[in-house]
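Student: Just so it is clear: in the sequence shown, position 35 is 35 by this note's numbering, and no numbers are missing.
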Amino acid sequence: MSSLALALDTRLRGLANPEEAAKAAKYYGSVGPFLGIGTDVLQTIAAETAEGLTSSGGWNGEAGPAQTLWGYSTHEHCLLAVLLVQKYPRPYSADTWDICAHWLDETDNWEIIDAIAVGVLGEMVLADPHRVEILRSWTTSDNFWRQRAAVMAMLPLNSGGRVHAAETFEMCRPLMLTTEPHVRTALAWVIREVGVAAPDETAAFLLPYKFKVVNSLLREAARKLPRHLERAIVGG
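See the structure below:
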């Protein structure tokens, strides 16, 4: 166990709030366990830790203290591990992808899944577009969290002035008829963001599903489209 990981564990346990932990377990609907520490506090700890490692030249190993933190298995330890990985010096290595992909199979929490997918895997896809093929293979995974991660990892490709409509719709298409709410939510969010920069392409993608998928998915996916396109998709 690294001394840094031990120090971070001590800090987290000192911030534990049982009342907030109970609220978090109810909010996230996952097993946990939870310490009851807010995400904003964890982000601050991650930023302070990364700054200290950078100034001291202490980044060593591909995972640093992150894998040790993940091993503690509380929501906050795991989320802090991911937030630290997001701070790693660039470029990421292949080991980082493998570690984070493994973590997808060890959590049942959408916040952690999304932090991995958007904050790490999506950034790695930006650097190496060939990784889209790996994500696409996850759309047929038995683990619906991998399915969600595959979709959410497309967000960085459709933000900051970037748009990859065709690639994103190819990722979403195999999952459009899913009954899993966590995957439906990811589909709606990502398609919605594509629609900002590519409204006509997005409407063309959604229209064939008008009477095939739940209205909540269509409404959210079409929410940022021009009004006439939105009406065409969600209207009666």
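The C-beta atom is built at its ideal place from N, Cα and C for all residues, glycine as well. The structure displayed is predicted, hence computed values, not measured ones.
Please classify THR168 as buried or exposed, where buried requires at least 16 other C-beta atoms within 10 Å of its C-beta.
Tutor: buried
Student: Mind checking which residues open and close the alpha helix (DSSP H) that includes TYR88?
Tutor: Judged by DSSP secondary structure, TYR88 falls outside any alpha helix (DSSP H); it is assigned neither H nor E.
Student: Look up LEU206 in the DSSP assignment and say whether it is helix, strand or coil.
Tutor: helix
Student: Does the Cβ of GLY14 have 16 or more other Cβ atoms within 10 Å, making it buried, or fewer, making it exposed?
Tutor: exposed
Student: Do LEU217 and ILE233 have their CB atoms nearer than 8 Å?
Tutor: no
Student: In whole angstroms, what separates the C-alpha of THR140 from that of ALA149?
Tutor: 12 Å
Student: Between the alpha carbons of ALA24 and PHE34, how many angstroms are there, rounded?
Tutor: 7 Å
Student: Could you please give the first and the last residue of the uninterrupted alpha helix (DSSP H) stretch that includes ARG131?
Tutor: No alpha helix (DSSP H) contains ARG131, which DSSP labels as neither H nor E.
Student: From which residue to which residue does the alpha helix (DSSP H) around LYS26 run?
Tutor: 18–28
Student: Grab the span of the alpha helix (DSSP H) containing THR107 for me, first residue to last.
Tutor: In the DSSP annotation of this structure, THR107 is not part of any alpha helix (DSSP H), being labelled neither H nor E.
Student: Where does ARG237 fall in DSSP's three states?
Tutor: Outside the displayed span of the chain (1 to 236) sits residue 237, for which this structure offers no information.
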